[in-house]
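I have placed the structure first, in the form of structure tokens, so that the comments after it can refer back to it.
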Amino acid sequence: MTVESTAARKTTRRSSGTKRTASASTSTTKKATAATAPEPELVQLLTPEGERVQHPDYDIDLSAEELRGLYRDMVLTRRFDAEATALQRQGELGLWASLLGQEAAQIGSGRALRDDDYVFPTYREHGVAWCRGVDPTNLLGMFRGVNNGGWDPNSNNFHLYTIVLGSQTLHATGYAMGIAKDGADSAVLAYFGDGASSQGDVNESFVFSAVYNAPVVFFCQNNQWAISEPIEKQTRVPLYQRARGFGFPGVRVDGNDVLACLAVTRSALERARRGEGPTLIEAFTYRMAAHTTSDDPTRYRRDAEREAWEAKDPILRLKAYLENEGHADAAFFEELEAESEALGKNVREVVRAMPVPDHMAMFDHTYADGHALVDEERAQFAAYQESFTGGEAE
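Residues in the sequence shown are numbered consecutively from 984, following my numbering.
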């Protein structure tokens, strides 16, 4: 299975050559006119064509080995995600939330963490889980319905997935306040999406983290769509600018640029460890797949929009840079492809070896002494399940 999308592979890549110097805003800024306002500043270190640029505040110097490591992380994360999506379509998982297109945001920020830092994810941070050493197959047990997470959060300093939108930002803030009182110099990284930014929990966490100077970094993956709601219906200003109203800095980074995500997150975490308080990072990226496997994005967004973002593919841009700079050869990519296929095979085998969940178990332990409504729902669901067996018998 290839890790590159068809449309993205057709994109012509320009030779990167050596680094060039960019302005303080490395995005292409439109000139302000009466009809259009200037675009928000965007930290970028690697262009969609794979050309390395510099930024005066967020530059980073990585070895060829480190660059190959980031590329490997993104490729294997995408392969795992593709296999999980296929398993759901085959009836092995109840649901899956794909991260396709958001690999750079997650791997870049995840690799900025120290071992003693703590992460509070949503339900889509498969790449961050990979960076924290969580077994990928453990992520799938919850989506199969055989466990409630499958890993010990304290073993990897990676909290269990949170389905309730935005609540993990309050958990992260409270945890950060606690470690500050304990005198530790570690930091906390909290993930959420552009849709969750409208939740009260997120805004309350901004208030508490600012007032108590909590060592927490809020990492918002703005993938342009809150299920079927576009970002234009979520906010009238760029999300990163909201931080200013709460009294702490915000920065927008190219979420498809793994180098920029690494540099910006590392800087924000170091700031938190120095006792300078929270930072809001808006990773400007795109959700290439559906919100979850129960969603149909063709009903609310155009193919042309997706195709435009495929040309900004985070994996292809780093691959172009590695090739143009001579940091990786054909053997490296071939070995990685083989490792990718091995990972996919292992994921399939482990998931299919998991037990089939007991459909009736969801009614157990809801109330200690039972409940009339739950008993009624259990009976209705049992009858529904039996209707399938009866149909097959006929």
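Backbone N, C-alpha and C fix where the C-beta goes; we use that ideal spot for every residue, glycine too.
- Sorting Leu1263, Lys1164, Arg1235, Val1147 by C-alpha distance to the C-alpha of Leu1025 places Arg1235 at the top.
- Excluding residues up to 5 positions away in sequence, Ser1081, Leu1082, Leu1083, His1109 lie with their Cβ nearer than 7 Å to the Cβ of Asp1064 in the same chain.
- Boundaries of the alpha helix (DSSP H) around Leu1059: 1047 to 1072.
- Spatial neighbours of Asn1140 in its own chain (CB-CB distance under 6 Å, excluding positions within 5 residues in sequence) are listed in chain order as Tyr1101.
- Within the stretch 1087 to 1122, the alpha helix (DSSP H) runs of at least 4 residues that lie entirely inside it are, in chain order, 1109 to 1114.
- Remark: C-beta atoms of Gly1128 and Pro1338 do not approach each other more closely than 7 Å.
- In this structure, the beta-carbon distance from Thr1156 to Asp1184 does not fall below 7 Å.
- Secondary-structure assignment with DSSP links Arg1035 through a beta bridge to Leu1029.
- Secondary structure of Val1147 (DSSP, three-state): coil.
- Under the three-state reduction of DSSP output, Asp1296 falls in the coil class, being neither helix nor strand.
- Within 10 angstroms of the beta-carbon of His1142 lie 16 or more other beta-carbons, which makes it buried.
- Distance between Ser1250 and Ala1314, taken at the CA atoms: about 34 Å.
- In this structure Lys1328 is exposed. Its beta-carbon is surrounded by fewer than 16 other beta-carbon atoms within 10 angstroms.
- Annotation for Phe1202: the continuous beta strand (DSSP E) segment containing it runs 1199 to 1205.
- Straight-line spacing of the CA atoms in Gly1178 and Phe1126 works out to 22 Å.
- For Pro1280, the three-state secondary structure derived from DSSP is helix.
- DSSP lists no bridge partner for Trp1079.
- Taking a contact as a CB-CB distance under 8 Å, the pair Gly1033 and Tyr1269 does not count as one, their CB atoms being some 18 Å apart.
- Going by C-alpha positions, Arg1061 is about 19 Å away from Ala1243.
- For the stretch 1157 to 1226, the continuous alpha helix (DSSP H) assignments of 4+ residues that do not extend past its boundaries occur at 1183 to 1194, in sequence order.
- DSSP places Gly1327 inside the alpha helix (DSSP H), whose first and last residues are 1313 to 1336.
- When Pro1031, Leu1076, Thr1276, Leu1029 are compared, the shortest CA-CA separation from Ala1336 is found for Leu1076.
- The stretch 1272 to 1289 makes no contact with the stretch 1222 to 1234: fewer than 3 CB pairs, one atom from each, lie closer than 8 Å.
- In the three-state reduction of the DSSP assignment, Val1129 falls in the coil class.
- Judged by their CB atoms, Pro1261 and Val1199 are nearer to each other than the 7 Å cut-off.
- In the displayed model, Gly1233 falls within a strand according to three-state DSSP.
- In this structure, DSSP gives Thr1262 an extended state, which the three-state scheme calls strand.
- When the alpha-carbon of Glu1322 is set against those of Lys1302, Ala1366, Leu1070, Arg1055, the nearest one is in Arg1055.
- Of the other Cβ atoms in all chains shown, fewer than 16 fall within 10 Å of the Cβ of Gly1074; this residue is therefore exposed.
- In this structure, Glu1265 and Asn1205 form a Cβ contact; the two beta carbons are roughly 5 Å apart against a cut-off of 8 Å.
- In summary, Pro1104 is buried, with 16 or more beta-carbon neighbours lying within 10 Å of its beta-carbon over all protein chains present.
- For Phe1141, the beta-bridge partners assigned by DSSP are Val1102.
- From the listed residues Asp1347, Asn1131, Phe1201, the smallest Cα separation to Ala1159 is found for Phe1201.
- Taking a 10 Å sphere around the C-beta of Arg1097, we find fewer than 16 other C-beta atoms and assign the residue as exposed.
- Within 10 angstroms of the beta-carbon of Arg1300 lie 16 or more other beta-carbons, which makes it buried.
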